[in-house]
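Peer 1: The structure that follows is given in the form of structure tokens.
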Amino acid sequence: MPRIMIKGGVWRNTEDEILKAAVMKYGKNQWARIASLLHRKSAKQCKARWYEWLDPSIKKTEWSREEEEKLLHLAKLMPTQWRTIAPIIGRTAAQCLEHYEYLLDKAQNREADNEDDPRKLKPGEIDPNPETKPARPDPVDMDEDELEMLSEARARLANTQGKKAKRKAREKQLEEARRLAALQKRRELRAAGIAVKQKRRRKRGVDYNTEIPFEKRPALGFYDTANETYDPLNPNYKRLRQQNFDGDLRRDKEE
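If you're matching positions, the sequence shown starts at 1 in UniProt numbering and goes up one per residue.
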């Protein structure tokens, strides 16, 4: 019978580190892809763990008096709406609820370690919100499933190139090998005295090495100029005068 694995439970330190690295690589929108690295957690649990505990913007410092006053005031205005209250105070919803209950207990002079408190977990009960609690430290001897998950996550997160980049690099390598083989073949044929003309592949579009882009040839005139050989870059200096070199003077142009 195959082993049935129920997703959830207390978060371990290894899972937290894998989740942080996965969020750095994949971002905060691909939770299904991130959850595929963690065998015991679902995409919803990974998202909740990030936004409830691991997000660097979460404040985990002591509550100030101003924050407590604001919390009590907002809890009176919007009772049980902790998701709405949390961004106003700058804490998570679980932190707001937990501290609000602590303030109520403090106002009623209840002790913190009261064993009859129904909110505390009894032996054998499962924590319904493990995403808001600190991670459990890793054991010294980890089981095979965790070691396999860790090695798989390390291999996948270390792969910085995607499938498309890998394919392009492989195609480039094959093309370079093909070019070197053709070059070696031409050299051997040339050494044997066989002249082989290199075939040039016709490029689509304009070949800037052989063509003049956007060239517009002048229309034929009334007279045949086929026999005329005039090179504008090779003038007859015997027939040229000084003014041909200097050009017209400004006063001559004005006159």
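Ideal placement from N, C-alpha and C gives every residue a C-beta, glycine not left out.
1) Should Ile194 be labelled buried (16 or more other beta-carbon atoms within 10 Å of its own) or exposed?
2) Does the segment 16-27 come close enough to the segment 47-60 that 3 or more CB-CB pairs lie under 8 Å?
3) For the alpha helix (DSSP H) containing Lys59, list its first residue and its last residue.
4) Closest to Gly9 by CA distance: which of Pro56, Lys28 and Asn129 is it?
5) Just verifying my parser: in three-state terms, what is the DSSP assignment at Arg12?
6) Classify Met149: buried if its beta carbon has 16 or more other beta carbons within 10 angstroms, exposed otherwise.
7) Mapping the DSSP letters down to three states, classify Asp252 as helix, strand or coil.
8) Going straight from the alpha carbon of Glu146 to that of Trp63, what length do you get?
9) Please return the same chain residues whose Cβ sits closer than 6 Å to the Cβ of Glu171, not counting the five positions on each side in sequence.
10) Within the continuous alpha helix (DSSP H) that includes Glu228, where are the two ends?
11) Go ahead and label Thr92 buried or exposed: buried means 16 or more other beta carbons lie within 10 angstroms of its beta carbon, across all protein chains shown.
12) For Val136, does the three-state DSSP call read helix, strand or coil?
13) For Ile212, count neighbouring Cβ atoms within 10 angstroms of its own Cβ and tell me buried if that reaches 16, exposed if not.
14) Does Arg170 come out as helix, strand or coil in the three-state DSSP assignment?
15) Is the Cβ-Cβ distance between Lys41 and Glu15 less than 8 Å?
Peer 2: Answer, in terms of the structure:
1) Answer is exposed; the Cβ neighbour count stays below 16.
2) The segment 47-60, when compared against the segment 16-27, does touch it at the 8 Å Cβ threshold.
3) No alpha helix (DSSP H) contains Lys59, which DSSP labels as neither H nor E.
4) For Gly9, the nearest C-alpha among the options comes from Asn129.
5) If DSSP states are grouped into helix, strand and coil, Arg12 belongs with the strands.
6) Buried, by the Cβ-count rule.
7) The DSSP-derived three-state label of Asp252 is helix.
8) It is roughly 37 Å from the alpha-carbon of Glu146 to the alpha-carbon of Trp63.
9) Nothing listed; no residue qualifies.
10) Run containing Glu228: none; DSSP gives neither H nor E here.
11) Only buried fits Thr92, as 16 or more other CB atoms lie within 10 angstroms of its CB.
12) According to the sequence displayed, residue 136 carries Arg and not Val. The answer is strand: DSSP assigns Arg136 an E or B state.
13) Its Cβ having fewer than 16 others within 10 Å, Ile212 is exposed.
14) Here Arg170 sits in helix by DSSP.
15) Contact flag set, yes.
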